[in-house]
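So the sequence shown is numbered by the working numbering: it starts at 413 and just counts up by one.
Where is the CB? At the ideal position from N, CA and C, for every residue including glycine.
Working notes, beginning with the structure itself.
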Amino acid sequence: MEKRADEAQAPDLLPKLRRLRVGQVQGWAAQWRDAQGVIPIQVCAWRKSARQTRLTLETLHRTARRKGRKLRPRTMQMAGYVVLVGTLRDQSPERLLELYRYRRQVELAFKRLKWLLQRGHLKKTDPQGAKAWLQGNVFVSVLIESLLVVGGRFSPWGYLPASGQATVPLARGVLDAPPAEAGRQSDALVAR
413 MEKRADEAQA PDLLPKLRRL RVGQVQGWAA QWRDAQGVIP IQVCAWRKSA RQTRLTLETL
473 HRTARRKGRK LRPRTMQMAG YVVLVGTLRD QSPERLLELY RYRRQVELAF KRLKWLLQRG
533 HLKKTDPQGA KAWLQGNVFV SVLIESLLVV GGRFSPWGYL PASGQATVPL ARGVLDAPPA
593 EAGRQSDALV AR
């Protein structure tokens, strides 16, 4: 499969996508051609379930209505798939989709951090100052998250709710540990 930067990207991809079963992941070697030359790429695709496709279509229709646009038929057909194009050709399609999910989780965590701290942009121009500012804000956000979890699990009767309840991943183990005796550190803190 070879594409030019100025060509439509989906026409010959849809027949391949339609052959996928729900939940199946497939990858294809391809090339991207532009003015600078040819770049080898890998196209990874995953077929969504009917429910996931319906939810995606609802979101697309809602966004189109809000922006006063009309959805193209190809957009609605592509709503049933997750398609990822990348240059890491030595990785399996499953691994590339997994890496994308991790990247997306980090992105969402930073969006939540910015929302919690009401921060939009780094206010420092000095690289060391920006690094310290960012680390300080990450520390404060983890502290806030931990306090929210502990506060949500606080019991006036002096015990924690049954284990298995969700905790902040960064504080897991510390928050689930039984209270230590007076004057002793919790084993969860020592293990870290």
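Per the C-alpha coordinates, the member of 542, 526, 441 positioned closest to residue 554 is 526. When DSSP states are grouped into helix, strand and coil, residue 472 belongs to the helix group. Contact between residue 440 and residue 428 holds: their C-beta atoms lie close to 7 Å from each other, under 8 Å. Note: residue 439 is bridge-paired with 456 in the DSSP secondary-structure output.
DSSP places residue 564 inside the alpha helix (DSSP H), whose first and last residues are 539 to 565. In this structure, the alpha-carbon of residue 530 lies about 20 Å from that of residue 561. DSSP, reduced to helix, strand and coil, places residue 495 within a strand of the structure shown.
In the DSSP annotation of this structure, the continuous segment of the alpha helix (DSSP H) that includes residue 489 starts and ends at 485 to 490.
The C-beta separation of residue 496 from residue 512 comes to about 6 Å, placing the pair in contact by the 8 Å criterion.
When C-beta atoms of the stretch 457 to 476 are compared with those of the stretch 514 to 524, fewer than three pairs fall below 8 Å, so the two segments do not count as touching.
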